[in-house]
Amino acid sequence: MLVSPKEPGNIGASARAMLNMGVSDLRLVAPRCDPHDDMAMRMAVHAREVVRGARVYESLEAALADRDYAIGTTARERADLEPPRYPRELRPRVRSAHAPAVVFGPEESGLSNDDLMRCQATLRIPTGPYASLNLAQAVLLTTYELTQADREVEAGTVPNRASREELEGFYTHLETFMREVGYTDEARTPHMLRLYRKIFDRADLSSDEVRMLRGLWAQGLWAARRTQS
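What follows is the structure, given as structure tokens:
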């Protein structure tokens, strides 16, 4: 997934990099250029069909809705987020996912903290001291590392892993629960939510587990509202 790409050539070159590694599901979030521009097609070379078939979304939340494991790319550590890991470390988790996604940010700034918060893990490409890669380079290196055939570490498949859409509903419900029972206030809520996202994203919840926990939130809200009435 490419978030707010600015240059058509980067879209085409990224599509080519994906196809080199056997990946073809390209998703664009709020692109700032025409994805079908001549430059995009020229840079795609034999991956033009990947560009033509790219799905466009208005928000990252919508683009991730049907994915069950999302990795956000970043070159630096962010407050309240897990430290980024190297691609090889995340390879077993990607293999065990039914519908994984890797998210790349805008050319100039990378992904925002809010974007990274919607991902279960963050990834850093190992480089030398000069860590600036262009978008297509980042896509090529990341997909290469994540799709390698060697199986140094095998991961068990999580049955019926919760989709991002289910998890975002889960976090919205959790936010309501925390506020109404007095666990947090408006000022502290964003920080607390980031911490809980780290915990639950690391837990790799299934759809059944999400429903079970939301049942707990619902019962707690019912009890709190009953006490207040």
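Letter 215 of the sequence shown, counting from 1, is numbered 215 in the UniProt record's numbering, and no numbers are missing. We put the CB at the ideal spot given by N, CA and C, even for glycine. Owing to the predicted nature of the structure, the values given are computational and were not obtained by experimental measurement.
Listed in chain order, the non-local C-beta contacts of Met41 below 8 Å within the same chain comprise Gly12, Arg48, Val51, local neighbours out to five positions each way being set aside.
Taking C-beta atoms under 8 Å as the contact rule, Leu19 and Ala54 fail to qualify, at a distance of about 12 Å. In this structure, DSSP gives Leu193 a helical state, which the three-state scheme calls helix. Spatial neighbours of Val181 in its own chain (CB-CB distance under 8 Å, excluding positions within 5 residues in sequence) are listed in chain order as Gly220, Leu221, Ala224. In the DSSP assignment, Arg95 falls within the alpha helix (DSSP H) that extends over 87-96. The beta carbon of His98 lies closer than 7 Å to those of Asp68, Arg161 in the same chain, with the five residues before and after it left out. In this structure, the CA atom of Arg124 is about 48 Å from the CA atom of Arg226. Restricting attention to Tyr86, Leu133, Thr74, the CA atom closest to the CA of Asp115 is found in Thr74. DSSP, reduced to helix, strand and coil, places Ile199 within a helical segment of the structure shown.
One Cα belongs to Gly110, the other to Asp208, and the distance between them is close to 34 Å. Take Leu90, set aside five residues on each side of it, and the residues of its chain with a beta-carbon closer than 8 Å to its own are Ile71, Ala121, Leu123, Leu146, in chain order.
At the C-beta level, Glu165 and Asp66 come within 8 Å of one another.
The stretch 128-148 and the stretch 92-108 touch, with three or more beta-carbon pairs separated by less than 8 Å. Counting along the chain, Tyr69 sits inside no alpha helix (DSSP H); it lies in the beta strand (DSSP E) bounded by residues 69-73. As summarised for the UniProt domain "tRNA/rRNA methyltransferase SpoU type" (1-144), the continuous beta strand (DSSP E) elements at least 3 residues long and confined to that stretch are 27-29, 55-57, 69-73, 100-103, 121-123, given in chain order.
Each of Glu175, Arg202, Pro5 was checked against the Cα of Cys119, and the nearest Cα belongs to Arg202. Counting C-beta atoms within 10 angstroms of its own C-beta, Pro8 has 16 or more neighbours from the protein chains shown and is therefore classed as buried.
Taking each of Thr143, Arg76, Asp80 in turn and checking the Cα distance to Val102, the smallest one comes out for Thr143. Here Arg93 is buried. Its C-beta has 16 or more other C-beta atoms within 10 Å. For Tyr183, no alpha helix (DSSP H) run applies, since DSSP gives it neither H nor E.
Met117 and Arg194 have their C-alpha atoms roughly 7 Å apart. Per DSSP, the continuous alpha helix (DSSP H) segment holding Asp208 begins and ends at 207-228.
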